[in-house]
């Protein structure tokens, strides 16, 4: 039977060699795929093209809750179960930053051409060779830094091409799965199909890439199939995009002009169903026009209460109110939805709160404008209305030159130094437990001027007017103390950016009062220094850091309200990645004005996959995870350390924090903010 054993050995050896050869071949193709971008001149700065997109949305199920979804009000009210629309968009590709998109023309069968599923339009500019396919979301399986999140294997060879299957190592909303057709010799992706789920949208994206050179890094056509499901509502949509349909086009002004332009550029023909949808829409428009003409000759009639109610609720409470005004529509205004879950937040320190934002501005030129971002909020814990109204006149936007007026009101402060002063003056003759003299309302007015002389250095200076008013005047009057306190001071802030705008920001603050202007002898001198930096890392990770300190070098007997700027101000361009970085979430506001000095540090590490993201059920929901570490040293609270863990998904952000004083447990609490439709 020796021949039988030899046959088995030869078969096993040949199978092993074939397997090893296939493994080597698979690995070589994958390496070529990762290296392909480096073989192409990627200087895409300023590359322009025009894209044509057609979409069709069909409703499978819907209920009144659809009214609460941004930009779904008009669609939810109509009886139509299917709509069609078309876009022309001018795209500008950049080498190291995301692409820009400018709307040229649009038309659709939905009333007022409202945007449908607005977060879908980010999928217009996919870049599979960047670390993230769409701006700051979806880790690309074709970027070498992301290969730890994916598994690859070749299941079919078709001549010179191979089909590469892409599998996720962990079920996370920032990863995708699918396959790609790859040129085995060069590693060039010829086409690919990727699917996943992000921000309540399940999608499948199919791309056909260009032929050679820089064009091979960009798609020539794409097809996106999407499903949106939310509380019993289910919509399906198909978006088809063709790139390079024209070199340059001017933006159209009217609906009729848009339809004519789109009709002339359209690279293919409409389907019979889509043509029928347009025909029905045209007849409905004509009917509405006839009704308007007939009603114009009749006495005005009051609309039914239900119509008025729906319009008010739909247009003013559930959606943005925005528009343009002035010469050449240079002015703009935007009122954010009033009934929006993201306006509500909860934290252990602040309690339950509601906030509301309105923007308005006017552009005098490309380098000059005036704008305001009015913020109002209500603290249910302190039963206090908060107002923040800044008005900024940018006289030189290129150099960040501006003059700002800012008024804030309503912040409720507690101050133990006033009580200490009463105890010092009155001794035991007054029972301080029976009086309430520790709480004040803070009103602040700032007039500031700022200018960046270079990308490395900027300077800000101005005057600040502070007023603190007692919450309960009666108790103050009985104690013989003033019910109002004032302080006026000059403030100067120097900003130093050693590495430019993308590096760390160092700030140095100096404040000095005008003693003669302060009725209660609020005479002080204050110094602060701060260094903030967000270090971007690969795979959507980042490390946010902040360190700083401050002290009062001069303080009169009446200086009750110590006010350190850097416990509130954020000098990072664009702000922190979340609401809780660079902050102390468990400390009561009393601590911020109880010491004449402080030293602080904060650090936050952010990653799309940290702990829970690798767990199958939890990973399908989590978009970001964060670790927080903060330390603070001041009078009465030395060696305070705060640690925390946070996560963000499509519904909410949650953070859990624990504080320790000199190594011993101090406090624990949680914060929550709604994220539902925040990126729509």
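Numbering (the numbering used here), first residue to last: -6 to 673.
Glycine included, every Cβ here is placed at the ideal spot set by N, Cα and C.
Predicted model only: the values in this text are computed from it and were never measured.
- In the same chain as residue 97, and ignoring 5 residues on each side of it, the C-beta atoms closer than 6 Å to its own belong to 81, 83, 242 and 244, in chain order.
- Counting along the chain, no alpha helix (DSSP H) covers residue 369; the unbroken beta strand (DSSP E) around it starts and ends at 361 to 372.
- Distance between residue 152 and residue 171, taken at the CA atoms: about 21 Å.
- Taking C-beta separations shorter than 6 Å and ignoring five residues to either side along the sequence, the partners of residue 77 in its chain run 49, 102, 267 and 270, following chain order.
- At a Cβ-Cβ threshold of 9 Å, residue 652 and residue 666 do not count as neighbours.
- Between residue 355 and residue 319, the C-beta spacing is below 9 Å.
- Counting C-beta pairs closer than 8 Å gives fewer than three between the segment 50 to 59 and the segment 24 to 31, which falls short of the contact rule.
- Taking 8 Å as the upper bound for CB-CB distance, residue 628 and residue 587 are in contact here, some 7 Å apart.
- The beta carbon of residue 95 sits closer than 6 Å to those of 83, all from its chain and outside the five residues before and after it, given in chain order.
- Rounded to whole angstroms, residue 263 and residue 202 show a C-alpha spacing of 23 Å.
- In this chain, the alpha helix (DSSP H) harbouring residue 281 covers 265 to 289.
- DSSP places residue 245 in the coil class of the three-state scheme, outside both helix and strand.
- Sixteen is the threshold: since fewer than 16 other Cβ atoms of the shown chains lie within 10 Å of the Cβ of residue 489, the residue is exposed.
- For residue 24, the secondary structure class from DSSP, reduced to helix, strand or coil, is helix.
- C-alpha of residue 590 to C-alpha of residue 139: approximately 45 Å in a straight line.
- Scanning the segment 181 to 264 for uninterrupted beta strand (DSSP E) segments of 3 residues or longer gives 182 to 191, 194 to 202, 212 to 223 and 226 to 235, listed from N- to C-terminal end.
- Going by DSSP, residue 452 is part of the beta strand (DSSP E) stretching over 450 to 463.
- Secondary structure of residue 568 (DSSP, three-state): coil.
- When DSSP states are grouped into helix, strand and coil, residue 317 belongs to the strand group.
- Cβ contact annotation for residue 258 (same chain, cutoff 7 Å, sequence separation greater than five): 45, 81, 238 and 239, in chain order.
- As the crow flies, the alpha-carbon of residue 329 is around 16 Å from that of residue 364.
- Inter-residue distance for residue 380 and residue 368 is about 6 Å (C-alpha atoms, whole angstroms).
- Around the C-beta of residue 175, 16 or more other C-beta atoms lie within 10 Å, and the residue is accordingly described as buried.
- The shortest CA-to-CA distance from residue 194 to any of 649, 642, 339 and 654 is the one to 642.
- Using a 10 angstroms sphere on the CB of residue 501, the tally of other CB atoms stays under 16, which defines it as exposed.
- The residue among 611, 610, 19 and 497 with its C-alpha nearest the C-alpha of residue 565 is 497.
- Here residue 145 is buried, its C-beta having at least 16 other C-beta atoms within 10 Å.
- Within the same chain, Cβ atoms closer than 6 Å to the Cβ of residue 464 are found at 432, the five residues on either side in sequence being excluded.
- Between the beta-carbon of residue 569 and that of residue 537 there is about 6 Å, and that keeps the pair under the 8 Å contact cut.
- For residue 610, the uninterrupted alpha helix (DSSP H) segment begins and ends at 609 to 612.
- If you draw a 10 Å sphere on the C-beta of residue 525, you find 16 or more other C-beta atoms in it, and that means buried.
- Residue 141 sits in a helix when the DSSP states are folded into three classes.
- Looking only at 438, 609, 540 and 393, the smallest Cα-Cα distance to residue 596 is reached by 540.
- In the DSSP assignment, residue 124 falls outside any beta strand (DSSP E) and carries neither an H nor an E.
- Beta-bridge pairing by DSSP links residue 437 to 401 and 459.
- No Cβ-Cβ contact shorter than 9 Å links residue 523 with residue 444.
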